[in-house]
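Each residue of the sequence shown is one higher than the one before, counting from 83 in this note's numbering. Where is the CB? At the ideal position from N, CA and C, for every residue including glycine. To start, the structure under review is shown below, and the notes come after it.
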Amino acid sequence: MSVNLSDQINRLHDSLHYLYVSELKQCCDKIALSFKGKKIELINRIIHFLKTGEKIELKEYPVISIAKKRQDYELACNALMLKGSYKNDLKNRIFFKEIIGQHFHFTAFGIDWLETRWMDGNPPTYQEFADMWSKEYEFRKIYGSAPKAEWAYINFVKRYLNENPNASRNEILISWELERTKHKELVDNFCKNYL
């Protein structure tokens, strides 16, 4: 791969974060890639294909991580959190507030950790999740956290408000659409020239 093409793919990677999931699915469809999955999975699938020419096979959750249909699962510290039975709902929020504390709230880092454990075939117990969440919460209170790249809109709004603290909602939305359009055009031009 030429340096120029490599640089363009890196810029494309950044710009793909500004697309809507429906637009990413269209990109995947154009190059015959699966369009199932979350935003970051679609972006990674596109970039991997452009860099290597290889299609990433969709991974399935191991059976051990998946709840059996029509089976009730206990909500207890030593019970497993299984894909399909666990939900970010009021019942779980109340349970976690009891074992973690009133400061508990659902977080992206919690969901990402769960997804990784499920995909690895190592579903955690509710207590393991609570321990991880508490440790990560304390860490982030001290060191903060890096925003996820796929949250382009949220990241843009934070940057924009830092630079323009008195901006109105309408000004933010107009600026976001201009920024998003710029990135969408970069993606469209790349696709026209290389796909």
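| Query | Result |
| --- | --- |
| Is it the case that the stretch 125–137 contacts the stretch 189–196, given that we only count it when at least three CB pairs across the two stretches are under 8 Å? | no |
| Going by other Cβ atoms of all chains shown within 10 Å of its Cβ, with 16 needed for buried, is residue 180 buried or exposed? | exposed |
| Using C-beta distances below 7 Å, list every residue in its chain close to residue 110, excluding the 5 sequence neighbours before and after it, in chain order. | 116, 117, 124, 127 and 128 |
| In three-state terms, what does DSSP make of residue 146? | helix |
| By Cβ distance, which residues of its chain are closer than 6 Å to residue 258, with the 5 residues on each side in sequence left out? | 238 |
| With 16 other CB atoms within 10 Å as the buried threshold, where does residue 269 fall? | buried |
| Which residue's Cα is closest to the Cα of residue 138: 247, 236 and 114? | 114 |
| Quick one: what does DSSP say residue 121 is sitting in, helix, strand or coil? | helix |
| Looking only at C-alpha atoms, which of 175, 151, 186 and 92 sits nearest to residue 166? | 151 |
| Compute the distance between the beta-carbons of residue 207 and residue 162, then report whether it is under 8 Å. | yes |
| Specify, as a first and last residue, the run of the alpha helix (DSSP H) that residue 213 falls within. | 208–225 |
| Could you give the distance in angstroms between the alpha-carbon of residue 183 and the alpha-carbon of residue 159? | 14 Å |
| Where do the ends of the alpha helix (DSSP H) carrying residue 202 lie? | Unbroken run through residue 202: none, as it is neither H nor E. |
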